[in-house]
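Quick notes on the structure that follows.
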Amino acid sequence: MSTLSNSLIKNYTNIVDTDALSDIEILVGKIPNTEIFRLHSFILKVCSPYFRNLLSNEQQIKIENNIIRINIPNISVKIFKIIIKYIYVNNFKPEKYDFKTNAELLIAADELSLNNLSNFIENYLLKKEELLKQNFVFVLQDITNELNRFVRLSYFCNESFRNDPLIIFKAKDFTLIKQEVLIRYLDIIQHCARPIDIWDKIIEWTNAQSNGISSNITKLIIQPFISFINFKEISRLDFYLKVRSFENIFDDKLYIEILEHYSFNDFQIVNHIDSQIINLKEASFIANRIRITKRQRREVIYNFNLLVRGSRDGFSEKIFHEYCDDKGPTITIIHVKNSNEILGGFNPFNWESWKSNKGFIETKESFIFSLDRNNLENSIFSKVVDNKNAIYNSPDYGPCFGGEKSDIELFRREKYGRCVMTSYEKEIRQDEKFFEVDEYEVFQVSKII
């Protein structure tokens, strides 16, 4: 029986290849990539409702010398050859083709009302979830599109976007998305992506569309997306490095508002912070005090690089020195257990434990602080007044600020600290008893620009 089937398949294939007994000519594809297929109307009508309806309507077909002539421009020659082989010999193996070919076959099978084939391919593609995500834009706008063809693929797209709106940005074919489609989805994406990330993707997309054309055209391409980006939430550094060169795309009034924001808002002078204790605004508030203390220009931007975190690395003087010695200027941040207290201090020099002689560091640039998280302006910043005893270095202690009993000392007893006003101008904690540390972090401080 298998031999008979193979023989029939071979015979049908020969019929297609040799044009034997053909009564229909189909011009497939778009110029210059076209080809004429000489086929058999009876077979096409039996296998495809599309051809059955088309060939039954004499007004839609042209007959010359008993040969029916029709055009199918929407399907490529490559895809139509595979479709015809399926129609004639019922032979199709999707694993032989790449994702794009299978997707185009799905669309073509649907257009030709080959329901069994389109269902088969749709089932196959749904098993290739990673490929669907990598080619998400193609699936979204070329396969499912506004007509919501292919219900299961449409459901996959909707659920994938609902679970991760950034899937559009992550797709390998992101730059192929149409402007109107991108605008439609940005309405949701803007609420779950950082403004600078949206900006980066818009520039990537614009570069792909403009392909080196004039800046005036680039301006027209970018402008529809401006309203989806909150530029005031972009850090000063990112604005300086990534946005400023596109000044010509902005409305003058908006650009002035953005510049005024960066000019008058000191809470933008830390580019990023990885902290479990303070946020970016609070970090920038502290960094502004560093800028003032060191008399640096207003445009300076700092980087806070996490060196140690108690909950991650441990609470001990040994771990502190292992992670923080010889790292240059640092900020120490302390969260007092069972309270809202945030304490800390700035050391403009190295922490050291390797020297045999314990000792103090003299400086006028250190300070300690207590943050008021409800109103940062009410925070206490205490500058050093006893410069010779500003910082205490010892392998037996964690970070220590001040002499004698220390304005801040940590880890003389593990996970405990104490504040006793000694060498700094203001008291940052009224209770001089030991407190338990809930979390502490030390950040290396460096100037970016």
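Heads up, the sequence shown is in numbering that gives the first Met the number 0, so the first residue is 0 and it goes up one at a time. Beta carbons: idealized from backbone N, C-alpha and C, even for Gly.
Cross-strand partners of residue i (DSSP beta bridge)
i              : result
tyrosine 415   : Glu435
threonine 33   : Gly28
glutamate 440  : Arg308, Ile332
asparagine 386 : According to DSSP, which records beta bridges pairwise, asparagine 386 is partnered with nothing at all.
glycine 344    : Thr331, Ile367
Residue i vs residue j beta-carbon contact at 7 Å
i              : j                : result
glutamate 455  : glycine 397      : With the chain covering 0 to 448 only, the question about residue 455 has no answer from this structure.
glutamine 443  : leucine 236      : no
leucine 26     : asparagine 64    : no
leucine 38     : isoleucine 23    : yes
isoleucine 407 : isoleucine 367   : yes
asparagine 386 : glutamate 361    : yes
isoleucine 120 : leucine 104      : yes
glutamate 431  : serine 381       : no
asparagine 144 : phenylalanine 98 : no
asparagine 349 : aspartate 325    : yes
Residue i classed as buried or exposed, judged by whether at least 16 other C-beta atoms fall within 10 angstroms
i              : result
proline 48     : exposed
cysteine 191   : exposed
serine 226     : exposed
aspartate 251  : exposed
isoleucine 166 : buried
asparagine 346 : buried
serine 369     : buried
proline 31     : exposed
alanine 108    : buried
proline 72     : exposed
alanine 207    : exposed
Other residues of its chain near residue i: CB distance less than 6 Å, five sequence neighbours each side excluded
i                 : result
phenylalanine 224 : Ile201
serine 355        : With a pLDDT of only 48 at serine 355, under 50, the local geometry of the prediction cannot be trusted, and no value is derived from it.
glutamate 426     : Met420
phenylalanine 433 : Tyr415, Arg417
isoleucine 188    : Pro164
isoleucine 176    : Val136
isoleucine 42     : none
leucine 54        : Ser40, Lys44
glycine 195       : Correcting the residue identity first, residue 195 is isoleucine in this sequence and not glycine. Counting only Cβ-Cβ distances below 6 Å, and skipping sequence neighbours, we find Ile233, Asp237.
phenylalanine 50  : Leu43, Lys44
asparagine 229    : Pro194
phenylalanine 168 : Lys200
glutamate 351     : Asp324, Asn392
Sequence-distant residues of the same chain with beta carbon closer than 7 Å to residue i, five excluded per side
i              : result
isoleucine 451 : This structure cannot settle anything about residue 451, because the visible part of the chain is limited to 0 through 448.
glutamate 435  : Lys336, Lys414, Tyr415
glutamate 34   : Val27, Gly28, Val76
proline 93     : Asn101, Ile120, Tyr123
isoleucine 447 : Leu236, Asn270, Ile300, Tyr301, Asn302
Close-in-space but distant-in-sequence residues of the same chain around residue i (CB under 8 Å, 5 per side omitted)
i            : result
glutamate 86 : Sequence inspection shows isoleucine at residue 86; the glutamate mentioned does not correspond to that position. For isoleucine 86, where only same-chain residues beyond five positions count, the Cβ hits under 8 Å are Ile42, Leu43, Cys46, Ser47, Leu113.
Could I get the ranges of all uninterrupted alpha helix (DSSP H) runs contained in the segment 167-219, with 4 residues as the minimum, in chain order?
The segment 167-219 is shown to contain whole alpha helix (DSSP H) runs of 4 or more residues at 178-188, 194-209, in chain order.
Minimum length 4: unbroken alpha helix (DSSP H) runs contained in the segment 227-312
Counting whole runs of 4 or more residues, the segment 227-312 contains the alpha helix (DSSP H) stretches 251-263, 279-292, 309-312.
Could I get the ranges of all uninterrupted beta strand (DSSP E) runs contained in the segment 50-106, with 3 residues as the minimum, in chain order?
Those beta strand (DSSP E) runs which fall completely within the segment 50-106 and span 3+ residues are 61-63, 66-71.
Please go through the segment 351-376 and give each complete alpha helix (DSSP H) segment of 4 or more residues, from N-terminal end onward.
Runs of the alpha helix (DSSP H) lying entirely within the segment 351-376 and spanning at least 4 residues: none are present.
Segments assigned alpha helix (DSSP H), at least 4 residues, entirely inside the segment 114-174:
When DSSP assignments are scanned along the segment 114-174, the uninterrupted stretches of alpha helix (DSSP H) that are 4 or more residues long and fall wholly within it turn out to be 114-125, 128-133, 150-162, 166-169.
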